[in-house]
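Heads up, the thing below is written out as structure tokens.
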Amino acid sequence: VIMGGASVPKTVAAKDFVNGTVSFDITPTSSTGLQIEVKDANSISGQSHLMKSVMFNDVDTNASYYDAVSFLKENGVITGYPDGSFRPEAVVSRVESLKFILSGINSELISAKKLPFPDTAAKEWYSDYVVTAYNRAIVGGYPDNTFKPANTVNRAEFLKMLLNAMEINVDKSVSRDVYSDVPRDAWFAPYVQYAKDKNLISHSGGSFKPNEGMTRSEVADLIYRVIVLKISGSQKYSSGLKVSGSEVSAYFS
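Under the working numbering, read the sequence shown as residues 3 to 255, first letter to last.
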């Protein structure tokens, strides 16, 4: 068995065969590619194609967001559901988005004693995430001082929260019409301009759809792109960007 370029030997004897067939289980612990070679003594008699592990039962290895989801799963940012699913098309609430973001930046949580918004409660699971995000100036709430925790987070809101959490210096001057539905004077225009320039936005087309709700796969993909861009120090994200295990460990330590 070849994993990550290194050989993990597995020897079978004649007694292991049943009707000419031998089987054994391989339990993946990461998304590292796996390849099986069959050898007779020192001669390779067969070789499988490179296989990817399935981290969730509803995330296909060919999905555009597979690398993002598997990376975040390996590094403890996401855990999925008890039934083994990730639910990539499920929309994300505002409080759920804070958990994604704060886990993505490996932030220590502040214990909630009193929450800054009247529509949030200290007894809820999200209380520490809300307090931490508020104290880190990641969120500020709405003009009426509410947070609307159960509302679906939209694309504009999530992008601003994520870039603020990553402490990325975004130029507030907008030099052009980035998308047809992003006016230059919109509060979110600088964040959208930055994201487009850095290739952080995965969808194509002439519109950004700022008020559209974010799905779990979209949230995972955007967080992944920002993390890889930050670790690599590159000027622009691309799918070919590679970061080493030591760099990832240092980031999450």
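Glycine included, C-beta positions come from ideal geometry on N, C-alpha and C.
Across which residues does DSSP place residue i in a beta bridge pair?
{"i": "THR134", "result": "DSSP output for THR134 lists no bridge partner at all."}
{"i": "THR154", "result": "SER95"}
{"i": "VAL215", "result": "The sequence shown places Gly at residue 215, not Val. DSSP output for GLY215 lists ASN156 as bridge partner(s)."}
{"i": "THR23", "result": "VAL20"}
Thinking C-beta only, is residue j closer than 7 Å to residue i?
{"i": "PRO90", "j": "SER182", "result": "no"}
{"i": "ALA167", "j": "ILE103", "result": "yes"}
{"i": "PHE149", "j": "PHE119", "result": "yes"}
{"i": "ILE112", "j": "ASN137", "result": "yes"}
{"i": "VAL79", "j": "SER105", "result": "yes"}
{"i": "GLY82", "j": "THR154", "result": "no"}
{"i": "ALA158", "j": "SER95", "result": "no"}
{"i": "ALA252", "j": "ALA70", "result": "no"}
Would you decide whether residue i is buried or exposed? Buried here means 16 or more other CB atoms lie within 10 Å of its CB.
{"i": "SER255", "result": "exposed"}
{"i": "LYS75", "result": "buried"}
{"i": "GLY6", "result": "Below a pLDDT of 50, predicted positions are generally treated as unreliable, and GLY6, at 49, falls in that range; no measurement from the model is reported."}
{"i": "LYS125", "result": "exposed"}
Leaving out five residues before and five after residue i in sequence, what residues of the same chain have Cβ atoms less than 6 Å from its Cβ?
{"i": "GLU249", "result": "ILE233"}
{"i": "ASN213", "result": "ASN156"}
How far does the alpha helix (DSSP H) with residue i in it reach, from first residue to last?
{"i": "ARG227", "result": "218–234"}
{"i": "GLN237", "result": "Careful: GLN237 lies outside any alpha helix (DSSP H) and carries neither H nor E."}
{"i": "GLU249", "result": "247–254"}
{"i": "TYR68", "result": "68–76"}
{"i": "LYS198", "result": "191–199"}
Identify, in the order they occur along the chain, each residue of the same chain with its Cβ nearer than 7 Å to the Cβ of residue i, setting aside the five sequence neighbours on each side.
{"i": "ALA135", "result": "LEU100, LEU104 and VAL141"}
{"i": "LYS200", "result": "LEU231, LYS238 and TYR239"}
{"i": "VAL176", "result": "ARG186, ALA191, PRO192 and GLN195"}
In chain order, what residues of the same chain have a beta carbon less than 8 Å from the beta carbon of residue i, not counting five sequence neighbours either side?
{"i": "LEU243", "result": "VAL230, LEU231, SER234 and SER236"}
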